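Numbering (the working numbering), first residue to last: 4 to 159. Glycine included, each C-beta is placed from N, C-alpha and C at the ideal position. Owing to the predicted nature of the structure, the values given are computational and were not obtained by experimental measurement.
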C-alpha cells in the first residue's frame, strides 16, 4: 500500500460531534441516527461528507477520541446541537477505503504499516475521511482517508 501525498487547503466541517471509544463501531450510529436526518439544516453546505477524528489528551479520556460526522460548510449559522471544526491546511497521506468500517482499517494501515518506514512524521491535526456517496453510512460507500503528515524537509 502506497498512499498518495496530497496538499489541501483549510476547510470547515459542520456536523454532529461525539466522544467515542477506540475500536468501537459506533460511527455508523452517529451518521444514521444523528447527522443524516439533520444534514439539510446546514445552509450552503456542499454534499461532500466528512468523518473527522481528533485525539483527546490521554489524561482526559483514555482510549477515546472526538468524532464529527458532517459536511463542508461555514462557521456562520451553525444549527443548534452541531459544531463547526476548522481542518487546517496541510499535507496528507491518502488512501481509499470502503464503508465506515473500512476507514478504521485504512487508518491503521497508514499509521502502523506505512508511516513508520515512510520517512514522514504524523502531525498533531485531525485525521479525516471524505465521500461523495449519497448514503455515506452504506457499507459500500467509497471513502478517501487523509492522515496529516510532515515531509522530511519540514522536520529539520
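Original post:
By the 10 Å Cβ neighbour count, where 16 or more other Cβ atoms means buried, how is residue 8 classified, buried or exposed?
Top reply: For this step, residue 8 is matched to residue 5 along the chain shown. Counting Cβ neighbours within 10 Å, residue 8 comes out exposed, since fewer than 16 surround it.
Original post:
Does the beta-carbon of residue 36 have 16 or more other beta-carbons within 10 angstroms, so that it is buried, or is it exposed?
Top reply: Position 33 of the chain shown, counting from 1, holds the residue named residue 36. Counting Cβ neighbours within 10 Å, residue 36 comes out exposed, since fewer than 16 surround it.
Original post:
Whole beta strand (DSSP E) runs in the region 33-69 with 3 or more residues, listed along the chain?
Top reply: 52-58
**OP:** Return the bridge partner residues of residue 21 from the DSSP annotation.
**Re:** Indexing the chain shown from 1 puts residue 21 at position 18. Residue 21 is bridged to 70.
Original post:
Are the beta-carbon atoms belonging to residue 17 and residue 52 less than 7 Å from one another?
Top reply: Here the question's residue 17 lines up with position 14 in the chain shown. Here the question's residue 52 lines up with position 49 in the chain shown. No, they are not a contact pair.
Subject >> Residue nearest to residue 50 in terms of C-alpha spacing, selected from 123, 114, 136 and 119 >> reply: Counting from 1 along the chain shown, the entry for residue 50 is found at position 47. Minimum Cα distance to residue 50 is reached at 136.
Original post:
DSSP three-state call for residue 151: helix, strand or coil?
Top reply: Position 148 of the chain shown, counted from the first residue, corresponds to residue 151. Of the three classes helix, strand and coil, the one that applies to residue 151 here is strand, per DSSP.
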